[in-house]
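The numbers in the sequence shown follow my numbering, run straight up by one, and end at 408.
Notes to accompany the following structure.
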Amino acid sequence: MIKIIKRCILNYDFLFFIVSNLYGLINGFKQVTINKNEVCIIEKNKKFILSYYTRVYAFDVIREFNYYTSSVEGILKHNLYEYNFSKPALHKIPNKNIDFYYTFLPEGIETNDIYLKYLDIKSGDYILDLEAY
């Protein structure tokens, strides 16, 4: 039954929009918008953007909004700090002079700190998180 409900929510944009906005209200008054390219989750002055095709993770981002938005630096656009994970891109790590290339959702700041502490990372190095999504 739960699988059927999840499938319905994801397959019908209007239902996804209603359920994700209700979930956002329950979890701190987050606003959710959706179009054919992306899902945007907005709280106060922060906007987190997911690809439309990864919208299933919108509920995780709503629930753990501060976790995801504290993992990278937002880019100020139109009075909102934007965290765009709708496609692979470089993102600045807060309080570090380093960029991480994320293909999907960001790791938590604690994970980034472990990478930086224990690995001798140099410019141009690649780190693969083999337990990633």
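Each residue gets a CB set at the ideal place from its N, CA and C atoms; glycine is no exception.
In the DSSP output, which residue or residues are listed as bridge partners for residue i?
i	result
F360	L325
L365	Y376
L355	K352
E313	S326
E318	K321
V307	I316
I'd like the list of long-range same chain contacts for residue i, defined as Cβ closer than 8 angstroms, with 5 residues on each side in sequence excluded.
i	result
L351	E357
F304	E318
N354	N320
D288	I309
I396	I373, Y390, I402
K490	The requested residue 490 does not occur in the structure, where the chain is confined to residues 276 to 408.
Under 7 angstroms between the Cβ atoms of residue i and residue j?
i	j	result
P381	S346	yes
F323	V331	no
I368	N341	no
Q306	I317	yes
F334	Y377	no
Y393	I402	no
H366	F379	no
What does a CB cutoff of less than 7 angstroms around residue i pick up in its chain, not counting 5 residues either side in sequence?
i	result
E313	I324, L325, S326, Y327, S361
G349	K321, Y356, E357, Y358
So, for residue i: in the same chain, excluding its five sequence neighbours on each side, which residues have a beta-carbon less than 6 angstroms away from its beta-carbon?
i	result
N302	I337, R338
T308	C315
M276	Only weak support is given to the placement of M276: the predicted model assigns it a pLDDT of 48, under 50, and the question is left unresolved by the model.
T329	none
I'd like to know whether the C-beta of residue i is nearer than 7 angstroms to at least one C-beta of chain D.
i	result
V314	Considering every chain present, this structure includes no chain D. It has just one protein chain.
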